[in-house]
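Structure, as structure tokens:
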Amino acid sequence: MLLITRKSPDFTAPAIMGNGDIKENFNLKTFIKNKSAIIFFWPLDFTFVCPTEIITFNRRYKEFKEKQVEIIGISCDSVFAHQQWRLMPINDGGIGMIQFPMISDITRKIIQSYDVEHPSIGVAFRASFLIDKKRIIRHQIVNDLPFGRNIDEMMRMVDAMQFHEKNGEVCPAQWKKGNQGIHMTRENTAKYLSENF
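As structure tokens, this is what we get:
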């Protein structure tokens, strides 16, 4: 199911927070109030591609926070599994002290509400959702299990969303922060194409 332009499904579930505390009733709507957010799903803790994505999000955490974007990670593991994985050093296969909330979706209700459940295995696909300040999903991407995400691309989409919100211009192919956008008129599109293509 495509969720673009729809309100992000709300949920309340157990989470381990960035400070290591377990919160039994983490609520998405309350947590991201008046902020943008990236929700990303991974299949299982203690696996292979998953730690590379989680650690990379964590290393870019400050950059996302500076853009007023919250990061929220979700899998069907328990908060206790998340906690143990956080306590393991990276060089032992752990993920270290992750700064963002890691949600436990043991019931798989969140995975199902975002329609990212693998049909035969029951775990989440590698799905990411960019949510604006009004809780509208503006970008989503879903990878099959073997393929890790590009966190640079998630950052680029945050920049594109904020550029559009600020200027009202659209972002052409290969746009990145610092590039020009396009005013939505035929004349401006023609001008952009003549200058860039």
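At position 190 of the sequence shown the residue is numbered 190 (full-length UniProt numbering), and the sequence of numbers has no breaks.
C-beta atoms are modelled at their ideal positions from N, C-alpha and C, and glycine is treated no differently.
When DSSP reads this structure, residue 38 sits in a beta bridge with 71 and 130. The C-beta distance from residue 114 to residue 129 rounds to 7 Å, short enough to fall under 8 Å. In the displayed model, residue 123 falls within coil according to three-state DSSP, outside both helix and strand. Under DSSP, the beta-bridge partners assigned to residue 16 are 22 and 102. By the C-beta density criterion, residue 118 is exposed, having fewer than 16 other C-beta atoms within 10 angstroms.
Taking the Cα of residue 17 as reference, the smallest distance to any Cα among 134, 112 and 58 is reached at 58.
Contact holds between the region 82-102 and the region 20-32, because three or more Cβ pairs, one in each stretch, are under 8 Å apart. The alpha-carbon separation between residue 123 and residue 46 amounts to approximately 14 Å. At the C-beta level, residue 125 and residue 105 stay beyond 9 Å of one another. In the assembly as shown, residue 77 is a buried residue. Its beta-carbon has 16 or more other beta-carbons within 10 Å. Taken atom to atom, the span from the alpha-carbon of residue 71 to that of residue 183 is near 31 Å. Our two residues, residue 169 and residue 91, have alpha carbons roughly 44 Å apart in a direct line. Residue 183: not part of any alpha helix (DSSP H); DSSP gives it neither H nor E. Judged by beta-carbon spacing, residue 140 lies within the 9 Å limit of residue 2, meaning their Cβ atoms are closer than that value.
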